[in-house]
Amino acid sequence: MTAPGVTDVSPVAMDTELFDPGAGWRLHPQVALRPEPFGALLYHFGTRKLSFLKNTVIVDVVRSLGDHGSVREALRAHGIDENAERPYVRALGTLADSHMIVPA
1 MTAPGVTDVS PVAMDTELFD PGAGWRLHPQ VALRPEPFGA LLYHFGTRKL SFLKNTVIVD
61 VVRSLGDHGS VREALRAHGI DENAERPYVR ALGTLADSHM IVPA
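Anchor point for the sequence shown: position 90 equals 90 in the UniProt record's numbering, and the numbering is continuous, going up by one each time.
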C-alpha cells in the first residue's frame, strides 16, 4: 500500500546499488526546498531539475535527513515504522537517483 502523495516507483527505475537506507543522507547543497500547500518543490541549481514532494510527511523526512544517522532513523523519528517505510524508501531512492539527496 502506498502512502498518499508518495509515488510507488518501480525498482527498475531506481539505482538501488547507490541508495542505502541504512546510511546517512542529506539534501544536496545545491538543492532548495520550497514548501507548498501540497508538500514541497525541490529545485537543483546544478542540474536544473525540479521535483515535487506531494505530502508533508516526506517533506519533513527530507528536511531532517541530515539530523539522523540513516534514512531509517529519520523515518522512525517521523512515525514511519518498518511496515510502512517501503514507499518512502522508494521515493527517497528516486531523489538520490536525481541527486536531490546525497550521502552524508
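Here a beta-carbon is modelled for each residue, glycine too, at the ideal position from N, C-alpha and C.
Minimum C-alpha distance to residue i - residue among the options
i, options, result
"P37", "H28, N55 and V31", "N55"
"R72", "V59, I58, H28 and V89", "V89"
"S98", "G46, S64 and A40", "G46"
"S70", "L53, Q30 and P103", "P103"
Exposed unless 16 or more other CB atoms sit within 10 angstroms - verdict on residue i
i, result
"P35", "exposed"
"P87", "buried"
"F19", "buried"
"A23", "exposed"
"L42", "buried"
"L50", "exposed"
Own chain residues within Cβ distance below 6 Å of residue i, not counting five before or after
i, result
"A96", "F19"
Reduced DSSP category for residue i - H, G, I as helix; E, B as strand; rest coil
i, result
"I80", "coil"
"R48", "coil"
"L18", "coil"
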